[in-house]
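Undergrad: The following block contains the structure, expressed as structure tokens.
Protein chains in written order, with my numbering: chain X, 1 to 425; chain L, 1 to 196.
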């Protein structure tokens, strides 16, 4: 990899970077367009409807038609809004959604002996991603935390009650679930030993099907990541941000025309990107399963999109089947379940890794050390869960007592109250 | 060519950093000031990247841009102070002269720390504190995340642990402070309603 800024930047590098950026942009746009169609179509089938089928073959051009329609609608800016922020917010939502795609390796030959790069005719070696940054996966976290601003400022700047409530919900939700997202990501970084996305894919490619991080990290971070990722996307069942029954349209109630289209685009683009991130982190990205490599880098492209489709279908399936969570359930799930589980799992993984390296040395074999680590972890977990349960029960009882309430009146209480009444007569 | 690219990046991001900084202190509207602060943090992150400190750049965006300013905005929005502030009146007497003196002193301290930190550019140069100079180039053979991690968890592990304890105390303190014993009716997490 060439260092862009310090030395040896040729005109070719700049041209290459530009071409890659344009290709990624186009892929991202087309994928988003198809994703909107795919979601409508699949949800329709799941609800026993047909879905868009008139515009173009299989209704494929429906999204385009809707986009053009939105483009030509009147752009309304509420008089009580903060004009500048109101106009800025859609861009703050859309740009991070695009940028995240830059770090995802979408193709490449990761068969044994290859690292997913190709040598171009000009002699440049490049991977199939816009930027292979050394701390690449942190870029995803940075962009997802910036994406919050779009929603937050949209709700605030509308100068209206429902959007503000929606955006406050969105921000609280995103902050809560970002912790779980980051902690399950840390498990992946721990087992892969690198922060770069291409490095993570390569580490998984070496192990074949069973080298996938989903299996290597023991499934728990994978499931936590999916749940936290869905919440981060504000998709059903975590779409409290735009709960129609409660908040009209949520943060984008006051938006119309092209600005609304931008929020819509950003939402679906984030869905595609989140699917791609899950594929990269847990499913081995463009590397093939069972050694089924074919056609060089193009085979990697096919594998990547096949895996991506799996997750996109899953997101749509969630939407069609799961009812929305209540707000306190959402917060409980994030703070009391996902964060403790992913943090504990990260510690256990770290312990297992130290044991595998033979750094504990309590027993003759490293396997015995691993079992020892697991046993200690389980014991600690059992004790911790018991203590937590006890603390919750105790505090609930104290709270009831301090309010002067008892859950069930005892026989003595009843007897006392009857004698009092009798004495009064 | 490489130097030209670096100068261009420096000029653009430097302008963003300074513009954002000025925006923070000159904007009357707190929300606009917070937005300028994000722009400023973002410019600093780009400057970090141009110095090849990728990890620091992303952490800058995640922690400062993503978490801290979000909290600022949250407080501004929820407390309803999101309107233009009257700044002509001095809230505390002597506040402005004192602020200027403190600002000049802090600036002098930062500059002094930078220029007294050894001759700069040489291997093994030490600062006035006896630590490695900030101007010494880092070892380029290893990724800087690894160097940072090794330094943090071996040489500076005590300071790291102390910071962790400090943050835990702050969190516990915040929880204790917001637990208002009088307002029991607001508590909603009764057993049975949680799904955890």
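Every residue, glycine too, gets a C-beta built ideally from N, C-alpha and C.
Quick one: using the 10 Å Cβ neighbour count with 16 as the cut-off for buried, is residue 202/X buried or exposed?
TA: When all chains shown are included, residue 202/X counts as buried.
Undergrad: Mind listing the chain L neighbours of residue 171/X? Cutoff is C-beta to C-beta under 7 Å, in chain order.
TA: The contacting residues are 70, 74.
Undergrad: For residue 12/L, count neighbouring Cβ atoms within 10 angstroms of its own Cβ and tell me buried if that reaches 16, exposed if not.
TA: Exposed is the call here.
Undergrad: Less than 9 Å between CB atoms is the rule here; does residue 428/X satisfy it with respect to chain L?
TA: What is shown of chain X runs 1 to 425, which leaves residue 428/X out entirely.
Undergrad: Using a Cβ-Cβ distance cut-off of 9 Å, determine whether residue 133/X contacts chain L.
TA: For residue 133/X, the answer is yes, since a Cβ of chain L falls inside 9 Å of its Cβ.
Undergrad: Taking 9 Å as the threshold (beta carbon to beta carbon), is residue 20/L in contact with chain X?
TA: No - not a single Cβ of chain X is within 9 Å of the one on residue 20/L.
Undergrad: Roughly how far, in whole angstroms, is the beta-carbon of residue 34/L from the beta-carbon of residue 69/L, given that I think they are within contact range, below 8 Å?
TA: Their Cβ separation, rounded to whole angstroms, is 6 Å, which keeps residue 34/L and residue 69/L in contact under 8 Å.
Undergrad: Only counting runs of 3 or more residues, tell me where the beta strand (DSSP E) segments fall wholly within the segment 160 to 240 of chain X, in order along the chain.
TA: Segments of the beta strand (DSSP E) lying fully in the segment 160 to 240 of chain X: there are none.
Undergrad: What separation, rounded to the nearest whole angstrom, lies between the Cα atoms of residue 189/X and residue 354/X?
TA: About 15 Å.
Undergrad: Spell out whether any CB of chain L is found under 9 Å from the CB atom of residue 97/X.
TA: Taking Cβ atoms only, chain L never reaches closer than 9 Å to residue 97/X, which makes this a no.
Undergrad: Determine, for residue 174/L, whether the minimum Cβ-Cβ distance to residues of chain X falls below 9 Å.
TA: Judged by the 9 Å Cβ criterion, residue 174/L is not in contact with chain X.
Undergrad: Quick check: what's the CA-CA separation for residue 181/X versus residue 225/X?
TA: Taking the straight line joining both Cα atoms gives about 5 Å.
Undergrad: Is the shortest distance between the beta-carbon of residue 145/X and the beta-carbons of chain L less than 9 Å?
TA: It does: the Cβ of residue 145/X has a partner Cβ on chain L nearer than 9 Å.
Undergrad: Compare the C-alpha of residue 305/X against each of 287/X, 23/X, 339/X and name the closest.
TA: Of the listed residues, the one whose Cα sits closest to residue 305/X is 287/X.
Undergrad: Compare the C-alpha of residue 207/X against each of 110/X, 219/X, 170/X and name the closest.
TA: Checked all of 110/X, 219/X, 170/X; the closest Cα to residue 207/X is 110/X.
Undergrad: Using a C-beta to C-beta distance shorter than 9 Å, which residues of chain L count as neighbours of residue 142/X?
TA: Within chain L, the residues near residue 142/X are 45, 57, 58, 59, 60, 61, 62, 65, 66.
Undergrad: Please name the residue in 187/X, 246/X, 234/X whose C-alpha comes closest to that of residue 218/X.
TA: Here the closest residue by C-alpha is 187/X.
Undergrad: Under a Cβ-count criterion, where at least 16 other Cβ atoms within 10 Å of its own Cβ denotes burial, should residue 30/X be classed as buried or exposed?
TA: By the 10 Å Cβ count, residue 30/X comes out exposed.
Undergrad: Can you tell which of 134/X, 158/X, 280/X has the C-alpha that lies nearest to the C-alpha of residue 106/X?
TA: Ranking 134/X, 158/X, 280/X by Cα distance to residue 106/X puts 280/X first.
Undergrad: DSSP three-state label for residue 54/X, please.
TA: Coil.
Undergrad: Looking only at its own chain, which residues have a Cβ that is under 8 Å from the Cβ of residue 318/X, when we skip the five neighbours before and after it?
TA: Only 230, 235, 236, 237 meet the Cβ criterion.
Undergrad: Where in the segment 245 to 318 of chain X do unbroken runs of the alpha helix (DSSP H), each at least 4 residues long, occur, reported from the N-terminal end onward?
TA: Runs found: 257 to 282.
Undergrad: Which residue from 340/X, 12/X, 372/X, 402/X puts its Cα closest to that of residue 388/X?
TA: Minimum Cα distance to residue 388/X is reached at 340/X.
Undergrad: So residue 31/L contacts chain X; which residues on that side make the cut at Cβ distance below 9 Å?
TA: Per Cβ cutoff of 9 Å: 82, 85, 153, 156, 157.
Undergrad: With 7 Å as the C-beta to C-beta threshold (strictly closer), list the residues of the segment 311 to 345 of chain X near chain L in chain order.
TA: Flagged, chain order: 328, 329, 332, 333, 336, 337.
Undergrad: Alpha carbon to alpha carbon, how far is residue 27/X from residue 57/X?
TA: Those two C-alpha atoms are separated by around 20 Å.
Undergrad: Report the residue ranges of all alpha helix (DSSP H) runs contained in full by the segment 43 to 87 of chain X; include only those spanning at least 4 residues, in chain order.
TA: Taking only runs of at least 4 residues, the alpha helix (DSSP H) segments lying wholly in the segment 43 to 87 of chain X are 62 to 71.
Undergrad: Cutting at 7 Å between CB atoms, please list the residues of its own chain near residue 14/X, excluding the five before and the five after it.
TA: The answer is none, since no qualifying residue turns up.
Undergrad: Taking 9 Å as the threshold (C-beta atoms), are residue 40/L and residue 66/L in contact?
TA: The answer is no: Cβ separation not under 9 Å.
Undergrad: Does DSSP classify residue 370/X as helix, strand or coil?
TA: It is helical.
Undergrad: Distance check for residue 315/X and residue 308/X, CA to CA, integer angstroms please.
TA: Taking the straight line joining both Cα atoms gives about 11 Å.
Undergrad: Report yes if the CB atom of residue 89/X is closer than 9 Å to the CB atom of residue 150/X, and no otherwise.
TA: Yes, the Cβ-Cβ distance between residue 89/X and residue 150/X is below 9 Å.
Undergrad: If the cut is a Cβ gap below 8 Å, which residues of chain X does residue 145/L touch?
TA: The answer, in chain order, is 134, 135, 195.
Undergrad: Just to confirm, are residue 78/X and residue 242/X a CB contact at a threshold of 9 Å?
TA: Their beta carbons are not under 9 Å apart, which means residue 78/X does not touch residue 242/X by this criterion.
Undergrad: Which residues in the same chain have their Cβ closer than 8 Å to the Cβ of residue 48/L, if we skip the five residues on either side of it in sequence?
TA: Around residue 48/L: 54, 56, 57, 60.
Undergrad: Quick check: residue 239/X and residue 324/X, are their CB atoms within less than 9 Å of each other?
TA: Yes; because the gap between Cβ atoms is below 9 Å, this pair is in contact.
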